[in-house]
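Working notes, beginning with the structure itself.
Chains as they are written, first to last, in the working numbering: chain A, 11 to 121; chain B, 2 to 115.
Right, dumping it as structure tokens:
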């Protein structure tokens with residue numbers, strides 16, 4: 011089966027600009043996660059969807075980050091405006107039962 | 002609150018010697034536990050998982066882990082390291098009372114010397 015697709019793979023933006031990431035999960039997976047992985051650290055959950063509803067967004071900096079999952083399939087994560095500390099790899103994952111599958115991630119560099 | 006602790010940030014072994022990556026968790030509930038591996042510029046790959054069945058879990062590439070409830074541990078082992086095992090390893094916990102979100106440890110970087 012096809013894996014979790016993410017785009018773009020790399021993005022460089024200036025601080026205060028906006029950026030959006032896209033994720034296409036594995037077909038039939040109801041659960042979708044967005045994680046932020048800062049260099050040298052473990053991934054940190056930003057938001058979890060179940061179908062098109064938000065299950066957990068307690069760690070999402072809602073003043074600048076937003077995410078949606080229209081129709082319970084694809085998802086987008088947006089940052090506006092970006093800060094230097096947002097430089098990280100943004101990982102999308104999807105899950106149907108117990109195992110989560112991860113995409114390759116989007117590496118964001120804010121300069 | 003639940004958390005997962007990886008006790009070593011770096012582990013260095015010689016090729017052909019055993020690997021031990023340590024992981025402890027804290028939870029009031031029966032957790033699901035996972036080990037993921039991340040090679041440079043690659044995505045996260047599941048090595049193995051524990052979901053309340055057999056306490057000794059075998060995974061891919063010769064890795065295995067044992068769930069020890071009394072010690073709240075889920076250490077990852079491999080009898081003989083290979084150069085291709087060099088990567089970052091993450092211990093992950095998932096709990097039903099937290100909507101099954103995956104909580105990652107800080108990671109252990111495994112170095113394999115020739």
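We put the beta carbon where it would ideally sit given N, CA and C, even for glycine.
### Query
residue 119 (chain A) to residue 42 (chain B), Cα distance in whole Å?
The residue given as residue 119 (chain A) occupies position 109 in the first chain. The residue given as residue 42 (chain B) occupies position 41 in the second chain. Their Cα atoms are separated by approximately 15 Å.
### Message
For a contact defined as C-beta to C-beta under 8 Å, what are the partners of residue 73 (chain B) on chain A?
### Response
For this step, residue 73 (chain B) is matched to residue 72 along the second chain. Here the premise fails: no neighbours, minimum Cβ distance about 18 Å.
### Message
According to DSSP, simplified to helix, strand and coil, what is residue 22 (chain A)?
### Response
For the purposes of this step, residue 22 (chain A) is taken as residue 12 along the first chain, with counting starting at 1. Three-state result, residue 22 (chain A): strand.
### Test item: CB-CB of residue 59 (chain A) and residue 79 (chain A) under 7 Å
The sequence position of residue 59 (chain A) within the first chain is 49, counting from 1. The sequence position of residue 79 (chain A) within the first chain is 69, counting from 1. Result yes, Cβ atoms of residue 59 (chain A) and residue 79 (chain A) sit closer than 7 Å.
### Query
In terms of residue numbering, what span does the beta strand (DSSP E) encompassing residue 96 (chain B) cover?
Indexing the second chain from 1 puts residue 96 (chain B) at position 95. No beta strand (DSSP E) holds residue 96 (chain B); DSSP gives it neither H nor E.
### Query
Which residues does DSSP pair with residue 46 (chain A) in a beta bridge?
In the first chain, counting from the first residue as 1, residue 46 (chain A) sits at position 36. Per DSSP, A:54 and A:100.
### Simplified DSSP assignment, three categories, for residue 63 (chain A)
Position 53 of the first chain, counted from the first residue, corresponds to residue 63 (chain A). Strand, per DSSP.
### Any C-beta of chain B under 7 Å from that of residue 109 (chain A)
Against the first chain, residue 109 (chain A) aligns to sequence position 99. Cβ-Cβ to chain B under 7 Å: yes for residue 109 (chain A).
### Query
How close, in whole Å, do the beta carbons of residue 99 (chain A) and residue 116 (chain A) come, if the pair is a contact with beta carbons under 8 Å?
Position 89 of the first chain holds residue 99 (chain A). Position 106 of the first chain holds residue 116 (chain A). Their Cβ separation, rounded to whole angstroms, is 7 Å, which keeps residue 99 (chain A) and residue 116 (chain A) in contact under 8 Å.
#### Entry: Range covered by the beta strand (DSSP E) that runs through residue 7 (chain B)
The count along the second chain starts at 1 and reaches residue 7 (chain B) at position 6. Note, residue 7 (chain B): beta strand (DSSP E), 4-7.
### Task
Find the nearest neighbour of residue 27 (chain A) within the set A:97, A:65 and A:55, judged by alpha-carbon distance.
Start at 1 with the first residue of the first chain, and residue 27 (chain A) comes out as number 17. Comparing Cα-Cα distances from residue 27 (chain A) to each of A:97, A:65 and A:55, the minimum goes to A:97.
### Query
Does the beta-carbon distance from residue 114 (chain B) to residue 15 (chain B) come in below 7 Å?
The residue given as residue 114 (chain B) occupies position 113 in the second chain. The residue given as residue 15 (chain B) occupies position 14 in the second chain. Result yes, Cβ atoms of residue 114 (chain B) and residue 15 (chain B) sit closer than 7 Å.
### chain B contact residues for residue 65 (chain A), given Cβ-Cβ distances below 9 Å
Start at 1 with the first residue of the first chain, and residue 65 (chain A) comes out as number 55. Those are 100, 101 and 102, listed as they occur along chain B.
### Task
Examine chain A for any beta-carbon lying closer than 7 Å to the beta-carbon of residue 17 (chain B), and answer yes or no.
To locate residue 17 (chain B), count along the second chain from 1; it is residue 16. Chain A contact via Cβ: absent.
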